[in-house]
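These notes concern the structure reproduced below.
Residue numbers (my numbering), protein chains in the order written: chain P, 1 to 272; chain B, 1 to 345.
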């Protein structure tokens, strides 16, 4: 089975995410009326294979597999998938899997691009517990932000249907908009805490001599992200920002995160 | 011996005729005993509701002869002296069993898929069973009908959704708020529909209701009915800071709530969602308020169209239900048919 690498395993996981995406389209066309587990179990299979892929890579490296863009992206997706499986167990949240599957599939296909995973030695240049904590918590925070964006998308869809008197709002088995709003807020808050821990851990890691910490692209980008989520949380909780604007903000910041994640990594001296 | 049905329902007879043939519940055992004593039926059950009066009987008579006698019995029992045409329907086996199953599943009801008839049919059967007016044929038929009705309820969407304005309002509230128990309702105008809607919300967990009306006496009377509190008519806008659901049904000739009034109130509510149910005609709430964020406005036409759409969805399910019933009736009839061994004996 030596030919069966971690990348093959991840490819299979992405296939399951793809099947879940196709099934999501079916559920969407049916108006999310049927309460069923098919989509959830497709994601369970995908996340299980995904976990295996990461474990294989981690065991090869003897550390947390977050050393290049492929590994970082798969870690982010894994955190998103796992969080989705846990939150889907909440009452009326089974359809979270249907909304998450397209995100997992799209980013999964992107992560499979060979140029994102250049060959490296058996051991990464930097290692250690602090580095693992830094990378793992930050990528988990991205997972939480991703799931928050998915819940925000569900919120906006339900809100629109209720506002414009679409029968789908009543026929679908989606949660109440109040619950979706609460879950979105909670996920952003959890992501924010994880991001803060990750950034704090990162500030203690060894740096390149002579280069100021704050001049690094990724550090600046992360600080910008941290501020964006802080602003979203404070404006929503303290200054009465409407739930619709909060949801749109959460989605926009996550889209920005996805679109710029690779570029900032590429231009970051500390992360390259 | 076969199972037959004779009766009249909302489909065949007007209410004036149905009430003439309605049985007093306390006199049903006596009527069943009379049916059996006259040799018309070996087993019998009488279902008498506001929408139907039906006799289900297992008889050894030929169906056509039995129907003539049953008709005479009904006319004599109710001392009816008017003309009677197609209002009284008669159904022989196997259609009688199909009819029983359809009635149990609510397919023959005025509101398709309603569940009240299931309880009424069960009560009618239990009354006959307790007084020993049922036997092997009817016991099996009724038990099977109850099982089929339960199966249809779970396997199809025949009972899905709200088919009344009140229940549509409740369903909407549940799609906006996670638990209704935590939210307060303001009833503006002490009309009958607001009362019914408020009661429907109470049945789903709403605990705090405030009533306001131009006439304080009517507000107090409705508040007493709903175990609610009252606020003077002049002060109801101030309540919007606390409440999350408002039901309005006043007799006002122009809107009593508009965007200019609601906008500052929404800011004070910190943009919490607000469900406005306007069941007044002419409308009490200016439709432009729905442009405000977190405001969900439904008027009586919106609610009625939800109810109608649900009803049409139920009608689409009828074919599926009838297919299930046809299969179950066929199974019941083949179980009742004597085997070759029994025939030889």
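Yeah, the Cβ is synthetic: ideal placement off N, Cα and C, and Gly gets one too. Predicted, not measured: the structure shown is a model, and the values here were computed from it.
Nearest to residue 44/B (by Cα), restricted to the options 135/B, 315/B, 191/B: Start at 1 with the first residue of the second chain, and residue 44/B comes out as number 44. The shortest Cα separation from residue 44/B among 135/B, 315/B, 191/B belongs to 135/B.
Taking DSSP as the reference, what is the three-state secondary structure of residue 215/P? Indexing the first chain from 1 puts residue 215/P at position 215. Of the three classes helix, strand and coil, the one that applies to residue 215/P here is helix, per DSSP.
Of all Cβ atoms in chain B, is any one closer than 8 Å to the Cβ of residue 20/P? Counting from one through the first chain, the residue named residue 20/P turns up at place 20. False, the Cβ-Cβ gap to chain B never drops below 8 Å.
Within 8 Å, strictly: CB atoms of residue 184/P and residue 144/P: Walking along the first chain from the start, residue 184/P turns up at place 184. Walking along the first chain from the start, residue 144/P turns up at place 144. Cβ distance not < 8 Å, so residue 184/P and residue 144/P don't count as in contact.
For residue 205/B, go through chain P and note every residue whose CB falls closer than 7 Å to its CB, in chain order. The residue labelled residue 205/B in the question sits at position 205 within the second chain. None at all; the shortest Cβ gap to chain P is about 13 Å.
The region 3-18 of chain B contacting the region 90-103 of chain B, beta-carbon criterion three pairs below 8 Å: yes
Which chain P residues are close to residue 346/B, counting only those with a beta carbon under 7 Å from its beta carbon? Residue coverage of chain B in this structure runs from 1 to 345, which leaves residue 346/B outside it and unanswerable.
So, helix, strand or coil for residue 52/B, using DSSP? Start at 1 with the first residue of the second chain, and residue 52/B comes out as number 52. In the structure shown, residue 52/B sits in a strand (DSSP, three-state: E or B).
Quick check on the DSSP output: the beta strand (DSSP E) that includes residue 208/B runs from which residue to which? For this step, residue 208/B is matched to residue 208 along the second chain. Residues 208-212.
How big is the Cα-Cα spacing for residue 182/B and residue 47/P? Position 182 of the second chain holds residue 182/B. Position 47 of the first chain holds residue 47/P. When rounded, the distance between both Cα atoms is 37 Å.
Going by DSSP in three states, residue 229/B sits in which element: helix, strand or coil? Numbered from 1 along the second chain, position 229 holds the residue referred to as residue 229/B. Correct three-state label for residue 229/B: strand.
Could you tell me the distance, in whole angstroms, from the CA atom of residue 260/P to the CA atom of residue 193/P? Sequence index remark: in the first chain, residue 260/P carries index 260 (1-based). Sequence index remark: in the first chain, residue 193/P carries index 193 (1-based). Taking the straight line joining both Cα atoms gives about 21 Å.
Can you confirm whether the region 260-274 of chain B touches the region 206-221 of chain B when touching is taken to mean that 3 or more C-beta pairs between the two stretches lie within less than 8 Å? no
Could you tell me whether the region 77-93 of chain P touches the region 45-64 of chain P, using the rule of 3 or more Cβ pairs below 8 Å? yes
Check whether the region 96-113 of chain P and the region 129-137 of chain P are in contact - that is, three or more C-beta pairs closer than 8 Å. no
With the cut-off set at 8 Å, would you say residue 108/B and residue 9/B are in Cβ contact? Locating residue 108/B in the second chain gives position 108, counting from the first residue. Locating residue 9/B in the second chain gives position 9, counting from the first residue. Yes.
Residue 9/B, enclosing beta strand (DSSP E) - first and last residue: As a working mapping, residue 9/B is identified with position 9 in the second chain. Per DSSP, residue 9/B belongs to the beta strand (DSSP E) from 2-9.
Relative to the C-alpha of residue 165/P, which residue among 241/B, 168/B, 313/B is closest? Here residue 165/P corresponds to residue number 165 of the first chain, with the count starting at 1. Nearest of 241/B, 168/B, 313/B to residue 165/P, Cα basis: 168/B.
Taking the CB atoms as reference points, tell me whether residue 201/B and residue 170/B lie closer together than 8 Å. In the second chain, counting from the first residue as 1, residue 201/B sits at position 201. In the second chain, counting from the first residue as 1, residue 170/B sits at position 170. Against a cut-off of 8 Å, the Cβ pair of residue 170/B and residue 201/B comes out as a contact.
In angstroms, rounded to a whole number, what distance separates the CA positions of residue 256/B and residue 229/B? Along the second chain, read from residue 1 onward, the residue named residue 256/B stands at position 256. Along the second chain, read from residue 1 onward, the residue named residue 229/B stands at position 229. Rounded to the nearest angstrom, the two C-alpha atoms are 21 Å apart.
What is the residue span of the beta strand (DSSP E) that residue 167/B lies within? As a first step, residue 167/B must be located in the second chain, where it is residue number 167. First-last for residue 167/B: 165-176, but that is the alpha helix (DSSP H), not the beta strand (DSSP E).
Cβ neighbours of residue 286/B in the same chain (closer than 8 Å, five flanking residues each side left out): Position 286 of the second chain holds residue 286/B. The answer, listed in chain order, is 255, 257, 258, 259.
Could you check whether the Cβ of residue 163/P sits closer than 8 Å to any Cβ belonging to chain B? Taking the first residue of the first chain as position 1, residue 163/P is located at position 163. With 8 Å as the cut-off, residue 163/P counts as an interface residue toward chain B.
Indicate whether residue 3/P and residue 98/P have their beta-carbon atoms separated by less than 8 Å. Numbered from 1 along the first chain, position 3 holds the residue referred to as residue 3/P. Numbered from 1 along the first chain, position 98 holds the residue referred to as residue 98/P. No. Outside cutoff.
From which residue to which residue does the alpha helix (DSSP H) around residue 297/P run? The structure shown does not extend to residue 297/P, since chain P spans only 1 to 272, so no value can be given for it.
If you follow the alpha helix (DSSP H) that residue 265/B is part of, which residue opens it and which one closes it? Looking up residue 265/B in the second chain gives position 265. Counting along the chain, the alpha helix (DSSP H) containing residue 265/B begins and ends at 259-268.
What residue does the alpha helix (DSSP H) around residue 96/B start on, and which one ends it? Position 96 of the second chain, counting from 1, holds the residue named residue 96/B. Here the alpha helix (DSSP H) through residue 96/B covers 95-104.
For residue 255/P, does the count of other Cβ atoms within 10 angstroms reach 16, so buried, or fall short, so exposed? Numbered from 1 along the first chain, position 255 holds the residue referred to as residue 255/P. The residue is exposed, with fewer than 16 neighbouring Cβ atoms inside 10 Å.
Residue of 191/P, 227/P, 229/P, 167/P minimising C-alpha distance to residue 313/B: As a working note, residue 313/B is residue 313 in the second chain. When only C-alpha atoms are compared, the closest one is 167/P.
For the 8 Å Cβ check, are there 3 or more pairs between the region 177-192 of chain B and the region 240-255 of chain B? yes
Under DSSP, the beta strand (DSSP E) around residue 246/B begins and ends at which residues? By one-based count along the second chain, residue 246/B stands at place 246. Segment 245-248, the beta strand (DSSP E) holding residue 246/B.
Less than 8 Å between CB atoms is the rule here; does residue 273/B satisfy it with respect to chain P? For the purposes of this step, residue 273/B is taken as residue 273 along the second chain, with counting starting at 1. Cβ-Cβ to chain P under 8 Å: yes for residue 273/B.
I'd like the list of long-range same chain contacts for residue 174/B, defined as Cβ closer than 8 Å, with 5 residues on each side in sequence excluded. Your numbering for residue 174/B matches position 174 in the second chain. Within the same chain, residue 174/B has close Cβ partners 180, 204.
Is residue 200/B close to the ligand COA? I mean its beta-carbon at under 7 Å from any heavy atom of the ligand. Annotation note on the ligand COA: not contained in the displayed structure, which lists no ligands.
Distance cutoff 8 Å, beta carbons only. Does residue 263/P sit that close to anything in chain B? The residue you call residue 263/P lines up with position 263 of the first chain. Not one chain B Cβ lies under 8 Å of residue 263/P.
CB residue 307/B to CB residue 194/B, shorter than 8 Å? The count along the second chain starts at 1 and reaches residue 307/B at position 307. The count along the second chain starts at 1 and reaches residue 194/B at position 194. Not a contact, by the Cβ cut-off of 8 Å.
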